[in-house]
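Working notes, structure below.
There are 2 protein chains.
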Amino acid sequence: MTLTGHMLIGQQTLAGNREAIHGINPATHAALEPAYAGGSAEHVEQACALAWAALDVYRETPLSARAAFLETIAQEIEAIGDELIDRAMAETGLPRARLSGERGRTCQQLRMFARTVRAGEWLDVRVDPAQPQRQPMPRSDLRQRQIPLGPVAVFGASNFPLAFSVAGGDTASALAAGCPVIVKAHGAHPGTSELVGRAVTRAVKACGLPEGVFSLLYGSGREVGIALVTDPRIKAVGFTGSRSGGLALCQAAQARPEPIPVYAEMSSINPVLLFPAALQNRAEALAQGFVASLTLGAGQFCTNPGLVIAQQGPALDSFVAAAARLIKDCSAQTMLTPGIFNAYEAGVSLLAENARAQVVAAGQIGTGPNQCQAHLFITNASDFLADHTLQAEAFGAASLIVQCASDDEIRQVTEHLEGQLTATLHLDDADLEQARTLLPTLERKAGRLLVNGWPTGVEVCDAMVHGGAFPATSDARSTSVGTAAILRFLRPVCYQDFPDSLLPAALKHDNPLQLRRLLDGQRETQA
Amino acid sequence: MTLTGHMLIGQQTLAGNREAIHGINPATHAALEPAYAGGSAEHVEQACALAWAALDVYRETPLSARAAFLETIAQEIEAIGDELIDRAMAETGLPRARLSGERGRTCQQLRMFARTVRAGEWLDVRVDPAQPQRQPMPRSDLRQRQIPLGPVAVFGASNFPLAFSVAGGDTASALAAGCPVIVKAHGAHPGTSELVGRAVTRAVKACGLPEGVFSLLYGSGREVGIALVTDPRIKAVGFTGSRSGGLALCQAAQARPEPIPVYAEMSSINPVLLFPAALQNRAEALAQGFVASLTLGAGQFCTNPGLVIAQQGPALDSFVAAAARLIKDCSAQTMLTPGIFNAYEAGVSLLAENARAQVVAAGQIGTGPNQCQAHLFITNASDFLADHTLQAEAFGAASLIVQCASDDEIRQVTEHLEGQLTATLHLDDADLEQARTLLPTLERKAGRLLVNGWPTGVEVCDAMVHGGAFPATSDARSTSVGTAAILRFLRPVCYQDFPDSLLPAALKHDNPLQLRRLLDGQRETQA
Numbered sequence: 001m002t003l004t005g006h007m008l009i010g011q012q013t014l015a016g017n018r019e020a021i022h023g024i025n026p027a028t029h030a031a032l033e034p035a036y037a038g039g040s041a042e043h044v045e046q047a048c049a050l051a052w053a054a055l056d057v058y059r060e061t062p063l064s065a066r067a068a069f070l071e072t073i074a075q076e077i078e079a080i081g082d083e084l085i086d087r088a089m090a091e092t093g094l095p096r097a098r099l100s101g102e103r104g105r106t107c108q109q110l111r112m113f114a115r116t117v118r119a120g121e122w123l124d125v126r127v128d129p130a131q132p133q134r135q136p137m138p139r140s141d142l143r144q145r146q147i148p149l150g151p152v153a154v155f156g157a158s159n160f161p162l163a164f165s166v167a168g169g170d171t172a173s174a175l176a177a178g179c180p181v182i183v184k185a186h187g188a189h190p191g192t193s194e195l196v197g198r199a200v201t202r203a204v205k206a207c208g209l210p211e212g213v214f215s216l217l218y219g220s221g222r223e224v225g226i227a228l229v230t231d232p233r234i235k236a237v238g239f240t241g242s243r244s245g246g247l248a249l250c251q252a253a254q255a256r257p258e259p260i261p262v263y264a265e266m267s268s269i270n271p272v273l274l275f276p277a278a279l280q281n282r283a284e285a286l287a288q289g290f291v292a293s294l295t296l297g298a299g300q301f302c303t304n305p306g307l308v309i310a311q312q313g314p315a316l317d318s319f320v321a322a323a324a325r326l327i328k329d330c331s332a333q334t335m336l337t338p339g340i341f342n343a344y345e346a347g348v349s350l351l352a353e354n355a356r357a358q359v360v361a362a363g364q365i366g367t368g369p370n371q372c373q374a375h376l377f378i379t380n381a382s383d384f385l386a387d388h389t390l391q392a393e394a395f396g397a398a399s400l401i402v403q404c405a406s407d408d409e410i411r412q413v414t415e416h417l418e419g420q421l422t423a424t425l426h427l428d429d430a431d432l433e434q435a436r437t438l439l440p441t442l443e444r445k446a447g448r449l450l451v452n453g454w455p456t457g458v459e460v461c462d463a464m465v466h467g468g469a470f471p472a473t474s475d476a477r478s479t480s481v482g483t484a485a486i487l488r489f490l491r492p493v494c495y496q497d498f499p500d501s502l503l504p505a506a507l508k509h510d511n512p513l514q515l516r517r518l519l520d521g522q523r524e525t526q527a
Numbered sequence: 001m002t003l004t005g006h007m008l009i010g011q012q013t014l015a016g017n018r019e020a021i022h023g024i025n026p027a028t029h030a031a032l033e034p035a036y037a038g039g040s041a042e043h044v045e046q047a048c049a050l051a052w053a054a055l056d057v058y059r060e061t062p063l064s065a066r067a068a069f070l071e072t073i074a075q076e077i078e079a080i081g082d083e084l085i086d087r088a089m090a091e092t093g094l095p096r097a098r099l100s101g102e103r104g105r106t107c108q109q110l111r112m113f114a115r116t117v118r119a120g121e122w123l124d125v126r127v128d129p130a131q132p133q134r135q136p137m138p139r140s141d142l143r144q145r146q147i148p149l150g151p152v153a154v155f156g157a158s159n160f161p162l163a164f165s166v167a168g169g170d171t172a173s174a175l176a177a178g179c180p181v182i183v184k185a186h187g188a189h190p191g192t193s194e195l196v197g198r199a200v201t202r203a204v205k206a207c208g209l210p211e212g213v214f215s216l217l218y219g220s221g222r223e224v225g226i227a228l229v230t231d232p233r234i235k236a237v238g239f240t241g242s243r244s245g246g247l248a249l250c251q252a253a254q255a256r257p258e259p260i261p262v263y264a265e266m267s268s269i270n271p272v273l274l275f276p277a278a279l280q281n282r283a284e285a286l287a288q289g290f291v292a293s294l295t296l297g298a299g300q301f302c303t304n305p306g307l308v309i310a311q312q313g314p315a316l317d318s319f320v321a322a323a324a325r326l327i328k329d330c331s332a333q334t335m336l337t338p339g340i341f342n343a344y345e346a347g348v349s350l351l352a353e354n355a356r357a358q359v360v361a362a363g364q365i366g367t368g369p370n371q372c373q374a375h376l377f378i379t380n381a382s383d384f385l386a387d388h389t390l391q392a393e394a395f396g397a398a399s400l401i402v403q404c405a406s407d408d409e410i411r412q413v414t415e416h417l418e419g420q421l422t423a424t425l426h427l428d429d430a431d432l433e434q435a436r437t438l439l440p441t442l443e444r445k446a447g448r449l450l451v452n453g454w455p456t457g458v459e460v461c462d463a464m465v466h467g468g469a470f471p472a473t474s475d476a477r478s479t480s481v482g483t484a485a486i487l488r489f490l491r492p493v494c495y496q497d498f499p500d501s502l503l504p505a506a507l508k509h510d511n512p513l514q515l516r517r518l519l520d521g522q523r524e525t526q527a
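Right, here's the structure in full:
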């Protein structure tokens, strides 16, 4: 397929009229063709008009048709073949195996939402039948279902060019909910975005859906993003990226005449607590697992373990020594973009210059551009509690160990943490009681708690929560990974005393969708 | 029981140290004893500290204990007896039968949430068991449940001194979710608030719960309210009242270092569409139903039918004539507060002075203070579309008829509406197709759609939605009435590879709470 550098506005391809971006090979700094001219507010207007026109049709597509659409997107992405992986490798510096796996995850995610759509539990159908004889007042017939919020703006992430970008988790869950989607492509992988965007528009056409169900825009500055978030036809936003970027979108969305929800997944340092018995019994193995998780993908994961909390003593010293040895052996890895590399270097410098933290070890220095050198720092609890900047995320393979003098300091440090995507506990049986006392705090902070694992590697499934208290996300009530992500884009509507012919299929008296409804206070056990 | 005029901070009763409010009998303007001295930021601090201390204990109470607590509150409210109704009558001017009914609704609501808590569906338990043999990577054991957001600030409504005040819908749903609650009493019924607040604190004590589960504060100015919403320990807000009040709370909540959700139910004019055949067949009956709904409780309902939309012609003329005749016979009714009366008079004056609207009829003028005189106005579609102020809510028994020249004008007027709590369709069989074409628009606007009924009278049940698009509420994803209101105060947490002994009861392997879990992608049909 020849890349065109054009935006996809419904079934139209259109060249932008603003400053162009190029994909950049971060390993070489080479600019990749073609140029992607940025869109303008006019293009946002066109895409929003099409999305709005598509809404009332798309949101009432039969569940089977909507599910088939999601599956068709997956097929179309797979049909691109090696070209997709080759282009993504060139734009991101990520290795082939990682990107092949990520493509699998992306397509599995689309098929998972197809199953979720078909099962229909997300409709949360509740029926309270009429009670005409009730005293002192009869009860009306009342039926509730969930409907989609409306068109959704999605801002792709840099670090998952497939699984959290054009047809990634936000897009898949919004389309599953019945919302048309307008994606603003991430500037770090415009060609990958075009390839996937074209796969989606082919699926829209193949499934006979209104073209406005999907559009893909480019833009190097703020014009497109702000125009999207402030357009009155956009009813929700999905975003994965920096805290400053997420907060800017939240503010724009709140300042609208009609404020809208923003689901921004922003920043997290993912604390790892090493309990005494575990540390005593397997300091070396813990150090190996830790360094592997820390340096995976040059540390460019939202769930990267950027903070380790443990009680000081010989066992922790062993862990630190082993981790230092392993870090020193770590090769440098190419980061995704020059911007991410520069931000990582700045973050590491801040820690290195902070008198409250000491460098434990650094990895090997790379030779090409944008090479991430792993870093491990150490501090103590009182310094950590005194300096909020020690909680700042340095996106990449850097982590900070907090040595605590007592259980009480561990509790203080834990309670002092900002909201997090994950919190990890490494423990043995003898640690259970101490771990139990910290759980309430960790539950209040994080979306996912792990025992004896590492936070990188986010399973896409029903039970996953990729969320957490602010500032990990802008809305702790939600997850951006897993089937519960569909719930972000829905709102309830109640139908009172509707004639059956006017009711949507989900609410009709003979239950044609065979949903297990909450009927008169009881959950139906048979469909 | 002797009213003390004191705040309830946990189990303590404390006199405020700011300007006092008195209950006012709106029928006589008489000030009622005792004085309720306002609290200060210090009292907010005390209540928040207690609520925070109670959180981790209260949120893990067994479901049966939490349900029993809600039922005990209902019993304690009933045990107050006539004193509660007498005081509420004096403070609100509402009649005995209405307040007795509202007390019943309030207690039924608490018992309904007790059943919801016990059933446990709100925990939304999802289990994806480990797959150690999976290729290329094993799957961890992943389990999700919902936990409460944290302490909730509740601002009581003026117009439901029992059902939407101290132990009303917001409080009941937040307590059901496991959130401690701090209520700021509405100044219109401080004595009623004290009586109910004491019932709640007795229930807290009787059930052996931490005292911080509930506090009740007073305050005449903004100090207490803003201190509450900006306290870092408050994690969500429930509010029912004016648009300006709701928006002020939303702004304060968004400006926090950690923004929090605000569920504000603000304003709605509840459009009623009269379709041609219905209007032709039963103009007189429709006028009777309309005027009864409009003037019920002096029109002081959030769901009051403040807008009628219909096609011009003889049938609409008959409806207007009948409604005018009935309105003229309506006695004046005492409004809840001088403030509400003054706002109503101002709203009616604005309409009367607006050249785009004409007075159709006015009800009888009252003789005492704060007497609501019913008003009916009429305009046409082009004027309505040209003047946004015609959509402003005049809280009370005033409504505006919009005459449309065509189906297309009806569609334009409907699409032009702001978000609404309800939208009502009066139709006969011959109207079904026209109604069907308007449904998508109405679904996008309103939380509840009714056929051939009237919007006043909100059933408290599973299927109810008392919500709707902005500015009817600040968060269309929610309802403030019905069992789904519990979902507002929850967030998901995932537990990965937890040993069974560390898992909360809802997630343990042998399912001791007998929940129907989403297990490995399938809903369990047996507990």
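Taken in sequence, the protein lines are chains A and B.
Note that the UniProt record's numbering gives residue 435 to position 435 of the first sequence, counting from 1, and the numbers run on in steps of one.
Note that the UniProt record's numbering gives residue 24 to position 24 of the second sequence, counting from 1, and the numbers run on in steps of one.
For each residue, glycine too, the CB sits at the ideal point set by N, CA and C.
What you are looking at is a predicted structure, and each value in this text was computed from that prediction instead of being measured.
Query	Result
Where Glu121/B meets chain E, residues with beta-carbon distance less than 8 Å	Annotation note: the requested chain E is absent from the structure, which comprises protein chains A and B.
Cutoff 8 Å: Ile147/B Cβ touching any chain A Cβ	yes
Span of the beta strand (DSSP E) around Ser215/B	Phe214 to Leu217
Check whether Gly212/B and Ala54/B have beta carbons under 8 Å apart	yes
Contact list for the stretch 462-483 of chain A against chain B, Cβ threshold 9 Å	Asp462, Ala463, Met464, Val465, His466, Gly467, Gly468, Ala469, Phe470, Pro471, Ser474, Asp475, Ala476, Arg477, Ser478, Thr479, Gly482 and Thr483
Any chain A beta carbon closer than 8 Å to Gly178/B	no
Spatial distance of Leu449/A from Leu316/A (CA atoms)	22 Å
Alpha-carbon to alpha-carbon, Gln11/B and Glu45/B	15 Å
Interfacial residues, the stretch 493-513 of chain A to chain B, with Cβ spacing under 7 Å	Val493, Cys494, Tyr495, Gln496, Asp497, Phe498, Pro499, Ser501 and Leu502
Per DSSP, cross-strand counterpart(s) of Ser399/B	Leu376/B
Where Ile73/B sits in the DSSP three-state scheme	helix
Chain-ordered neighbours of Glu415/B on chain A, where CB pairs are closer than 7 Å	Here the premise fails: no neighbours, minimum Cβ distance about 11 Å.
First and last residue of the uninterrupted beta strand (DSSP E) at Glu418/B	Here Glu418/B belongs to no beta strand (DSSP E), and DSSP marks it neither H nor E.
Inter-residue spacing [alpha-carbon to alpha-carbon] between Glu102/A and Gln108/A	10 Å
Interface residues of the stretch 354-380 of chain A facing chain B [CB-CB below 9 Å]	none
Ala176/B - containing alpha helix (DSSP H), residue span	Gly169 to Ala177
Residue-chain proximity (Gly78/B, chain A), Cβ-Cβ < 8 Å	According to the sequence displayed, residue 78/B carries Glu and not Gly. Not closer than 8 Å to any Cβ of chain A, the Cβ of Glu78/B fails to qualify, so no.
Contact between the stretch 339-347 of chain A and the stretch 301-316 of chain A (3+ Cβ pairs under 8 Å)	no
Ala435/B vs Leu425/B beta-carbon contact at 8 Å	yes
Endpoints, the alpha helix (DSSP H) within which Gly288/A is located	The sequence shown places Gln at residue 288/A, rather than the Gly named in the question. Run containing Gln288/A: Pro276 to Thr295, per the alpha helix (DSSP H) assignment.
Inter-stretch contact (C-beta, 8 Å, three-pair minimum) for the stretch 109-123 of chain A and the stretch 376-395 of chain A	no
Residue nearest to Ala255/A in terms of C-alpha spacing, selected from Phe239/A, Thr240/A, Ala227/A and Asn270/A	Ala227/A
For Asn25/B, the first and last residue of its enclosing beta strand (DSSP E)	Arg18 to Asn25
Beta-bridge pairing of Gln522/B - partner residues as DSSP gives them	Leu519/B
Backbone secondary structure at Ile327/B - three-state DSSP	helix
Short CB-CB distance (under 8 Å) between Asp128/B and chain A	yes
Under 7 Å from the C-beta of Arg491/B: neighbouring residues of chain A	Ala476 and Arg477
DSSP state of Asp500/A mapped onto helix, strand, coil	helix
CB of Ala37/B within 8 Å of CB of His22/B, strictly	no
Pair within 8 Å by beta-carbon distance, Phe196/B and Ala167/B	The residue you asked about is not Phe; residue 196/B is Val in the sequence shown. Yes.
Three-state class that DSSP yields for Asp128/A in the structure shown	strand
Pick from Glu91/B, Tyr58/B and Arg105/B that is closest to Ala74/B, judged by C-alpha positions	Arg105/B
Chain-ordered chain A contacts of Ala435/B [CB-CB under 7 Å]	Leu502
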